[in-house]
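For the sequence shown, our numbering begins at 408 and goes up steadily by one. Quick reminder that beta carbons are idealized off the backbone N, C-alpha and C, glycines included. Scroll down for the structure; my scribbles are underneath it.
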Amino acid sequence: MGRRGAIVPLISLLVGVPIVVTGQAPIPADVQLQRADGLVRDGRFSDAVNAYRHLLVDGTADGVRERARAGLTLSLLRTGDFAGARTEGARLGEMPGASAASLALYGDSLWSSGLFDEADRAYDSSLGIDPDEPRAHHGRARSLTARGRFEAALAEATQAVAGAPDEAEFHHMLGVIYERQRRFDAAAAAFGEYIARLPDHDHSPTALWTRAEIRFLHAFDRLTPIEFSGPGATRESWTVPIRVEKGKVLVRVKVNGDPLDFVLDTGAEQTVLSLDAAALRGVSPVAYTESAGVGDAGRRSLQVGRIGRLQVGDLDIRNVPCLIKNPPLGHLPTREPDSFSPLALGLSMTIDYARRELTMAHALPPEVHATELPLRLYRLATVRGTVNGKPMSFVVDTGGEWISISHLSAAEVSSATPSRRIPLRVYGVSGWDKDAFLLPSVEVAFDALHLVRTPVVVLNLTAPSALLGFQVGGIVGHSFLSKYRVTFDLQRSVLALD
408 MGRRGAIVPL
418 ISLLVGVPIV
428 VTGQAPIPAD
438 VQLQRADGLV
448 RDGRFSDAVN
458 AYRHLLVDGT
468 ADGVRERARA
478 GLTLSLLRTG
488 DFAGARTEGA
498 RLGEMPGASA
508 ASLALYGDSL
518 WSSGLFDEAD
528 RAYDSSLGID
538 PDEPRAHHGR
548 ARSLTARGRF
558 EAALAEATQA
568 VAGAPDEAEF
578 HHMLGVIYER
588 QRRFDAAAAA
598 FGEYIARLPD
608 HDHSPTALWT
618 RAEIRFLHAF
628 DRLTPIEFSG
638 PGATRESWTV
648 PIRVEKGKVL
658 VRVKVNGDPL
668 DFVLDTGAEQ
678 TVLSLDAAAL
688 RGVSPVAYTE
698 SAGVGDAGRR
708 SLQVGRIGRL
718 QVGDLDIRNV
728 PCLIKNPPLG
738 HLPTREPDSF
748 SPLALGLSMT
758 IDYARRELTM
768 AHALPPEVHA
778 TELPLRLYRL
788 ATVRGTVNGK
798 PMSFVVDTGG
808 EWISISHLSA
818 AEVSSATPSR
828 RIPLRVYGVS
838 GWDKDAFLLP
848 SVEVAFDALH
858 LVRTPVVVLN
868 LTAPSALLGF
878 QVGGIVGHSF
888 LSKYRVTFDL
898 QRSVLALD
């Protein structure tokens, strides 16, 4: 998974300053709260977690308690503790007379757990109390972006920034929307405003990564990103043949005129080139970005570049952002594959496994499907599913092989019904996952589709979850998808299975 935009801020390594000193008179709760809020402003989120927890242990007034729990929820989100944030966020949202700001934070905690529909309802409840609540507008902007409604998302994000101009993440959301609209100059400006409002904006890792993102965006100055060209530029759809080998869908792609077999991979945010492929085809790196995936490397630094011309059949596109796998991983049984995702180009797609065809389109024609699942595309395509009745979000990954779930999901679904665990040797885009194992019998459901006593692979998805900003419950790969004709309809925000 390539990194686009900034990540959840990293956990502070600073040692916390105690708030209460033994032998001295207790410090008033409102003073402790101010100190805890100050830790948040300084970006010392781990220390803030401890400070807010101390306030919640003591018997404090309801007003202080709500503010402390709100600060705790926000700090847990900042440290990437999504499970903890969901617990505290639920307590916050259930407080009698919870404010609009508290309900919006509750929505953020639900979003971070991959419960997007529930998050939308919390944002609506927040705006029902205060129509101007900035965090709720920010949440709506993020949700609309995931459904491809960029103009409406931009209006919500603009209102969030107007209501809280010093909130860094609201500016970042603006940048994400502009980038999805391919307005790279505007995106770079918004990310610059984001950096200016970060704690320690001169040296923090988040600021450094975002500056690299801005350099990458500026590499498209005076160019049209993802520009459809050639004789097929005016067409609405393109159909090309595919091959299926060893659980991978392969499609022939030309990079700067040179053909190469690519893995069709909706689990990649961008077109991905190996270091050798980029060098041989004249694709130069522009900057570094942060990537994350399955494997013991977790997060890794990779290069980003610009493909001058990319062709898939009659589809001909100029100025395509790409990820370059440099530095490459060592000690893997196969080389890192080159991969291609039409979704990264803003195209809907249908994979017809039976006919061995891939269709890509600006807009797919209306069609009645056997099964339709709500689809959200926020960096990666996700659908709602359940495992042993527990709801979670699954990444739809045509480049993956199995149905898999995260360690956190496995702990939730197997605690009540212990299951045999079979160790596995698994490697992903970030190396070996040495703790992977197989749960041989769980119930997985996607709406009316029920898979009873299905084996699932349990993977460490902590790093990709932190990078995406929400807990990835699992991954749906080739073993499930290949049984269907699969359609990713971005205009309707639907994953269709026939």
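Limits of the unbroken alpha helix (DSSP H) element including residue i
i	result
Leu874	Thr869 to Leu875
Asp665	It is not in any alpha helix (DSSP H) - Asp665 instead sits in the beta strand (DSSP E) that spans Asp665 to Leu671.
Val438	Ala436 to Arg448
Leu815	His814 to Ser821
Ser550	Pro541 to Ala553
Residue i in three-state terms, based on DSSP
i	result
His578	helix
Arg791	strand
Ser889	coil
Asp586	The residue you asked about is not Asp; residue 586 is Glu in the sequence shown. It is helical.
Trp645	strand
Phe747	strand
Phe895	strand
Gln566	helix
Asn733	coil
Thr631	coil
Gly409	For Gly409, the predicted model reports a pLDDT of 44, less than 50, meaning its position is unreliable; a value from the coordinates is still stated below. Coil at Gly409, not helix or strand.
Thr778	strand
Val422	Residue placement at Val422 is poorly supported in this model, since its pLDDT is 37, which falls under 50; the coordinates still yield a value, given next. Residue state, collapsed to three classes: coil.
Glu808	coil
Asp759	strand
Leu522	coil
Val901	strand
Ser681	strand
Glu676	coil
Gly637	coil
Sequence-distant residues of the same chain with beta carbon closer than 6 Å to residue i, five excluded per side
i	result
Pro692	Gln710, Gly712 and Ile731
Arg622	Ala694
Gly654	Glu808 and His885
Phe887	Ile810
Leu787	Val802
His776	Ala903 and Asp905
Thr793	Ala852
Buried versus exposed call for residue i [16 or more other C-beta atoms within 10 Å across all chains shown]
i	result
Gly500	buried
Leu479	buried
Ser708	exposed
Asn867	buried
Thr641	exposed
Gln441	exposed
Lys890	exposed
His579	buried
Asn663	exposed
Phe895	buried
Pro772	exposed
Pro749	buried
Asp745	buried
Where the beta strand (DSSP E) containing residue i begins and where it ends
i	result
Thr861	Leu856 to Leu866
Val658	Lys655 to Val662
Asp454	Premise fails: Asp454 lies in the alpha helix (DSSP H), Phe452 to Val464, not in any beta strand (DSSP E).
Thr696	Pro692 to Ala699
Thr617	Note, Thr617: premise wrong, no beta strand (DSSP E); alpha helix (DSSP H) at Pro612 to His625.
Euclidean distance between Cα positions of residue i and residue j
i	j	result
Met767	His625	28 Å
Glu697	Leu780	30 Å
Gln898	Val647	21 Å
Leu671	Gln677	11 Å
Pro871	Gly700	5 Å
His608	Ile649	46 Å
Ser800	Ile714	32 Å
Gly637	Asp723	6 Å
Asp488	Ala761	42 Å
Arg725	Leu754	15 Å
Gly535	Arg542	13 Å
Close beta carbons around residue i, own chain, < 7 Å, minus the five adjacent residues each side
i	result
Thr617	Ala413, Phe598, Tyr601 and Ile602
Leu682	Ile731, Lys732, Asn733 and Pro735
Val422	Only weak support is given to the placement of Val422: the predicted model assigns it a pLDDT of 37, under 50, and the value that follows is read from those uncertain coordinates. Nothing listed; no residue qualifies.
Val658	Val647, Ile649, Phe669, Leu671, Val719, Phe747 and Leu765
Own chain, CB closer than 8 Å to residue i, minus 5 neighbours either side, in chain order
i	result
Ala399	This structure gives no information on residue 399, because the portion of the chain shown stretches from 408 to 905.
Glu576	His545 and Tyr601
Asp759	Leu765, Thr766 and Arg892
Arg604	Asp573, Glu574, Ala575 and His578
Val859	Glu850
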